[in-house]
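Written below as structure tokens is the structure these notes are about.
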Amino acid sequence: MNRRKSLQALAAITAGAAAIPAAAAPGPIQLHVNLEVDPARESEFIANFRKVFQPTIRKQAGFVDVKLLKFRQAMVGGGPGAFNYRLLISFQTEELRQKWVASADHQQAWPTLEKCLKGAKYVPWLYDVV
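Taken in order, the sequence shown gives residues 6 to 135; the numbers are from our numbering.
Dropping the structure here:
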């Protein structure tokens, strides 16, 4: 997936999330992004998360938390397939998360992670915190 297709996919995700009525999701959100990290670039990916992505997202309006999880094992059922990492991003509202995605900071920070992905790259799921 090239940069243009990645940005188009991200825009589609954002547009779909924007279709959720504000009354249905007024509070905090959490985005779960399953990532297929290239094992050959795993060290680079983790370094970029810690040195670039994490410090950049932390200064965004409405930011709550960000975590990077590495899959260890499935306790029941099958595992996540090729997706070996999960990125958890929390914001006070979906609107504030969308502002982060549209920001110049995001346009600089996200590609440092995305360049270390392969295959399907990522699958995002948006949750309301209840």
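In this text, a Cβ means the ideal position worked out from N, Cα and C, and glycines have one as well.
None of the values given here were measured: they were computed from a predicted structure.
I believe residue i touches residue j by the beta-carbon criterion, under 8 Å. Please report the beta-carbon distance rounded to the nearest angstrom.
i	j	result
Ala79	Gly124	Rounded, the Cβ-Cβ distance is 19 Å, inconsistent with contact.
Lys126	Glu49	Not a contact, Cβ separation roughly 15 Å.
Just to confirm before moving on: does the CB-CB distance between residue i and residue j stay below 7 Å?
i	j	result
Trp115	His37	no
Val57	Thr117	yes
Ile51	Phe96	no
Label residue i either buried or exposed according to how many other C-beta atoms from any shown protein chain fall within 10 Å of its C-beta, with 16 as the threshold for buried.
i	result
Asp102	One detail in the question is off: residue 102 reads as Arg in this sequence, not Asp. Buried: at least 16 other Cβ atoms inside 10 Å.
Taking residue i as the reference, give the member of the options with the closest Cα.
i	options	result
Glu119	Gln35, Gly32, Asn53	Asn53
Ala45	Asn89, Val81, Val69	Asn89
Gly67	Ala109, Val128, Asn39, Ile94	Ile94
Consult DSSP for residue i and reduce its assignment to one of helix, strand or coil.
i	result
Ala30	Bear in mind that a pLDDT of 49 at Ala30, under 50, signals an unreliable position, so the number given afterwards is only what the model happens to contain. Looking at Ala30 - three-state DSSP - the assignment turns out to be coil, as it is neither helix nor strand.
Gln59	helix
Tyr132	strand
Asp70	strand
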